[in-house]
Amino acid sequence: MKAKWLAALLAALCALLTAVAAGAERSGACGDHVTWTLSGEGVLTVSGQGDMGDFDSSPFPAADVKFAVIEPGVTRIGDWAFSGCAALSGVSIPEGVTAIGEGAFNGCISLEEAAFPDGLARIGYGAFAGCTALRRVVFPAGVDLSGYAFSGCAGLTSLSFPDHVTAGGWAFYGCGGLTEVSFRDGVTCVGGVDFYGCPNLADIFMPDSVTSIDYGFSFNRYNHPRLGITAQTCGSPAYNWATSYGFPVRALNHIPVMDPADPSAVIRCAVCGEMIRPQETDPTPRSGTYLERGVDGVFRVYTDGVFDAGYEGLIDYEDQSFFTAGGMVLTGASGLALYDGVWYFLAEGRLVKEHSGFVLYDGEWFLIRNGLLDADASGIYEYNGFRFLISLGRKVSEYSGLWQNSDGQWLFIAGGQVVEYTGLALYDGAWFYVVDGALAVDYTGEVAYNGARFTVVNGMLAG
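Numbering follows the working numbering, with no gaps: position 332 of the sequence shown is 357.
What follows is the structure, given as structure tokens:
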């Protein structure tokens, strides 16, 4: 009878392996000297030397690609290479890639972050169009964005630009969630970036390093009725440019003079005449890098008393941690956010340190420990009285079948969750006795099922 049990179990496992055969490793060519390999877990690796080829549609099994790794040696991502990879949530692009082709990531609706390496010179026409989940983009200096490059990326709420970035017509068209744009400290020339079709754009920050603003950066007030300009210092070139174009403008720093009417207490700005608080012109500003809430209610990062437009990452404030980019808290960021290889659980830009457990994000469940994704978690995990199959911190909702736990138990899994059931269960044509979701391989005796009694030997219905 033991032999019969083992034979049935092996048959069930063979059926399970057949069911998941689609998850086996696959590979192919995607360039003259470039190949691709897709693992059973959905990780696509592109390796080799030189450029990827150009395609009319993705050369990969698009529905199965969940993460992409471009290895060093590849110099260009081909036209439409990843288009339609709807499950693709992240991509790693190394230094050495100098161009991303037309439509390369078009329609990757699960892609949440795009970080580009230094040296990237061009992002092609419509390369990331329709990436509706995209929330964070990191641009290198000198990159040229072709027309419609990020059109329809409704999840983008803020952008931060380094020096010498240019963007073709309608590069951000249809980015309805975009409300904030900042240019990093050190940017000297602002120009050629088109924000047409971003009706909710409300604020653009320009640091004091900006000395010239290209004519291509002018805006149609009708298309941007809410837009205002934030200058680092009153009287700076950016401040004067905004004033000349009739934009509402405010400055983070003023040039103070004592008001003759009350020189002991009142300070006003020498440029705009605005009355400002004495502490805003403290001759001994706070040292180090810190987060401070302005009178307008906006949180900004300062270094040694000066607004730090180049700061991005986590920063602490009153026993809390906040996610920032372009020197400002990303208040539009809620859910999971990837930064420096770590996934953070955020609520309006704040790291939710107090949360441990599962969270639902973009239709999938993830295991969180103290606000961070528990990427080391794999196997069966219990939460709120239920047991789930976890791989790298994610509930494997697509898995149904038998699973051997770390303690040697065989468990019935349905939709990534242990079936909390006791009784007879039919699997792959054989009946098994299950106790709390586990195969009772040591049980021999009678069990009741649907009003009748059956004999079970070693956990399997006797023939």
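Where is the CB? At the ideal position from N, CA and C, for every residue including glycine. In this text the structure is predicted, and so the values were computed from the model without any measurement.
| query | result |
| --- | --- |
| Taking contact to mean 3 or more Cβ pairs, one atom from each stretch, closer than 8 Å, check whether the stretch 370-378 and the stretch 143-157 are in contact. | no |
| Candidates L252, S237, Y270 and V296: which alpha carbon is nearest T258's? | V296 |
| Report yes or no: is there a C-beta of chain C within less than 7 Å of the C-beta of F230? | Absent from the structure: chain C. Only one protein chain is present. |
| Taking R412 as the reference, which of Q442, V94 and F92 has the closest Cα? | Q442 |
| Using a Cβ-Cβ cutoff of less than 7 Å, which residues in the same chain neighbour P187 once the five nearest sequence positions on both sides are dropped? | F164, P165, A166, R209 and V212 |
| Taking Y336 as the reference, give the member of G330, R325 and V162 with the closest Cα. | R325 |
| Going by Cα to Cα distance, which pick from Y386, G433 and G410 is closest to G492? | No statement about residue 492 is possible, as the shown extent of the chain runs from 26 to 488 and does not include it. |
| Sort out for me which residues DSSP pairs D228 with in a bridge. | E205 and G253 |
| What is the rounded straight-line gap between the Cα of A140 and the Cα of S269? | 35 Å |
| I need the DSSP call for D188, collapsed to helix, strand or coil. | coil |
| Looking at C-alpha atoms only, which residue of G177, V459, A439 and A196 is the closest neighbour of A148? | The question names Ala, but residue 148 in the sequence shown is Ile. Here the closest residue by C-alpha is A196. |
| If you count every other CB in all the chains shown that lies within 10 Å of the CB of P97, and 16 or more means buried, which is it? | exposed |
| Specify the secondary structure class of N395 as computed by DSSP and reduced to three states. | coil |
| Which residues mark the beginning and the end of the beta strand (DSSP E) in which Y264 is found? | No beta strand (DSSP E) contains Y264, which is instead part of the alpha helix (DSSP H) from P262 to S269. |
| Whole angstroms are fine: how far does the CA of A477 sit from the CA of Y468? | 18 Å |
| Between T356 and the rest of its own chain, which residues show a CB-CB distance below 6 Å, the 5 nearest in sequence each way excluded? | E373 and G374 |
| Does the contact criterion of 3 or more C-beta pairs under 8 Å hold for the stretch 412-422 versus the stretch 394-404? | yes |
| Using the three-state DSSP reduction, which class does D89 fall into: helix, strand or coil? | helix |
| Output the distance between the C-alpha atoms of Q345 and E317, rounded to the nearest integer angstrom. | 13 Å |
| Quick check for students: name the residue ranges of the beta strand (DSSP E) that lie wholly in the stretch 310-388, counting only runs of 3 or more. | 314-318, 324-328, 338-342, 345-350, 360-364, 367-372 and 382-386 |
| Going by CA-CA distance only, name the one from F220, V71 and L252 that's closest to I102. | V71 |
| Look at the Cβ atom of T204, then the Cβ atom of A227, and state whether they are nearer than 7 Å. | yes |
| Are G78 and C55 closer than 7 Å when you measure CB to CB? | yes |
| E299: buried (16+ other C-beta within 10 angstroms of its C-beta) or exposed? | exposed |
| Do you know whose CA, among D341, A334 and V323, lies nearest Y315's CA? | D341 |
| Please state whether DSSP places D480 in a helix, a strand or coil. | Reading the sequence as shown, one finds Thr at residue 480 and not Asp. Note: T480 maps to strand in three-state DSSP. |
| Assuming the contact rule is C-beta atoms closer than 8 Å, A192 and V218 should be a hit. Round their C-beta distance to whole Å, please. | 5 Å |
| Determine, using beta carbons only, whether G132 and G109 come nearer to each other than 7 Å. | yes |
| Going by C-alpha to C-alpha distance, which of D453, L63, A463 and F332 sits closest to N430? | A463 |
| From the DSSP output, in three-state form, read off Q429 for me. | strand |
| So the candidates are S83, V331 and A455; which of them puts its Cα closest to the Cα of R311? | V331 |
| Given a threshold of 16 other Cβ atoms within 10 Å of its Cβ, counted over all protein chains shown, does H279 qualify as buried or as exposed? | buried |
| Tell me where the beta strand (DSSP E) around W195 begins and ends. | Looking at the DSSP string, W195 is not in any beta strand (DSSP E), and its letter there is neither H nor E. |
| Here's a check: name, in chain order, each residue in its chain whose Cβ is nearer than 8 Å to the Cβ of S82, leaving out the five neighbours to either side. | W105, S108 and G109 |
| I'd like the list of long-range same chain contacts for A111, defined as Cβ closer than 8 Å, with 5 residues on each side in sequence excluded. | A87, A88, G132, C133, I134 and S135 |
| Does V367 pass the burial test, meaning 16 or more other C-beta atoms within 10 Å, or should it be called exposed? | exposed |
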